[in-house]
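Numbering-wise, the sequence shown is residues 0 to 160 according to numbering that gives the first Met the number 0. Virtual Cβ for every residue (Gly too), placed ideally from N, Cα, C. Please read these numbers as outputs of a predicted model, since none were measured by experiment. What follows is a single structure, written as structure tokens, with notes after it.
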Amino acid sequence: MRVDDIPQVVAIETRAYEFPWTQQNFVDSLNAGYLGVVAVAPQPRDPTSGPAADVLQAYAILMPAIDDLHILNLCVAPASQGRGLGQRLLAEIRRITLTLHIPTLLLEVRPSNTHAIRLYERSGFTEIGRRKNYYPARNRVREDAIVMRARLKRSDVDASR
């Protein structure tokens, strides 16, 4: 992810979430050295208009630490959901994690986000705890976060070296 991508990222974020990250949240994340990953697809083009432009369809913000790579934000554009893009993005995140020789992925997800929970479970994540009142919700209430972790196999980490 580059700073130039942030307007497209924010457009997706505001379509996907009731309580989206702001543009400044993304800028601050990149400035702090967090990793930004984007998934793009070519836009169908009109033959008279020149080459096709890439359209951003998914993204993630990753915070590397010593023992885990924390997925702070992962989103697939609503119009692109259900096509395997989330799984491909998670596979890329796993590859990045192995490249950094980090053994664990960590994330939080709303209990109400059942589609994401199923995606994470299919990708090897398991629930390890809850953070009470973590997310803002409607009517000034808060929603818990399910904390999920995926441990990478030691052989996977060693094979990436």
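Taken in chain order, the whole beta strand (DSSP E) runs of length 3 or more contained in the region 53 to 110 are 53 to 63, 68 to 75 and 103 to 108. Listed in chain order, the non-local C-beta contacts of ASN132 below 7 Å within the same chain comprise ARG141 and ASP143, local neighbours out to five positions each way being set aside. When secondary structure is reduced to three states using DSSP, ASN132 falls in the strand class. Beta-bridge partners of GLU126 (DSSP): MET147.
Here GLU17 carries a coil assignment [DSSP, helix/strand/coil]. Taken through DSSP and simplified to helix, strand or coil, ALA31 comes out as coil. Burial check for PHE124: the Cβ neighbour count within 10 Å reaches 16 or more, so the residue is buried.
Nearest C-alpha to ALA38 among ALA31, THR21 and ARG82: ARG82.
The C-alpha of ALA57 lies about 23 Å from the C-alpha of ALA136. For LEU105, the CB contacts under 6 Å within the same chain, skipping 5 residues up- and downstream, are ASP67, HIS69 and ARG148 in chain order. Rounded to the nearest whole angstrom, the C-alpha separation of ALA59 and ALA10 is 14 Å.
Taking C-alpha positions only, GLU107 is separated from SER122 by approximately 14 Å. Per DSSP, reduced to three states, the secondary structure at VAL140 is coil, with no helix or strand assignment.
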